[in-house]
Structure formats: structure tokens, C-alpha cells
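What follows is a set of notes on a single structure, which appears directly below.
Numbering (our numbering), first residue to last: 285 to 355.
This is the structure in C-alpha cells:
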């Protein structure tokens, strides 16, 4: 798979699915995992070392993948 084939997909969901396939990560499993994490957040499992960082961006990305069909 080449970078062009990832970029050539028509929707965000298809691009992410192609990337998951390239990385050998089962797309449906990844979506289900993100749905589970989106409901509880990652604040209890990810702790940035710097007080200047937060998990807000990670939570946003996980919610995006979890609810990509609703966008």
C-alpha cells in the first residue's frame, strides 16, 4: 500500500480504515475500542508528565474515531 492509496480514499472513515489496514490493526476492533474509551475518557490511564500538557487532544481524537459515522 502506498501513501497515494491512503490519500485517495473519499472519506475520513475510509482513509482511517485504510491506514488501520496498512498497520495491521483490525478497523472494527479499533472503532469499538475507541467507542469504549470515548465514554469513560483516558484521563485515568494517561498521565502527561508536564503540567503544561493535557489529555484533551487524545480524548478528542478518540471521540472522532468512535463517532465518525455520525459526522
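Backbone N, C-alpha and C define an ideal beta-carbon position, used for all residues, glycine too.
Query raised in the report: Counting along the chain, where does the alpha helix (DSSP H) carrying residue 293 start and finish?
Result: That residue, residue 293, is in no alpha helix (DSSP H); it is neither H nor E in DSSP.
Query raised in the report: Do you know how far the Cα of residue 299 is from the Cα of residue 335?
Result: 33 Å
Report task. Return the chain-ordered list of same chain residues with a C-beta closer than 7 Å to the C-beta of residue 301, the five sequence neighbours on each side being excluded. Result -> 311
Query - Between the CA atoms of residue 338 and residue 331 - distance to the nearest angstrom - result: 8 Å
Report task. Could you check the C-alpha separation between residue 333 and residue 342 for me, to the nearest Å? Result -> 15 Å
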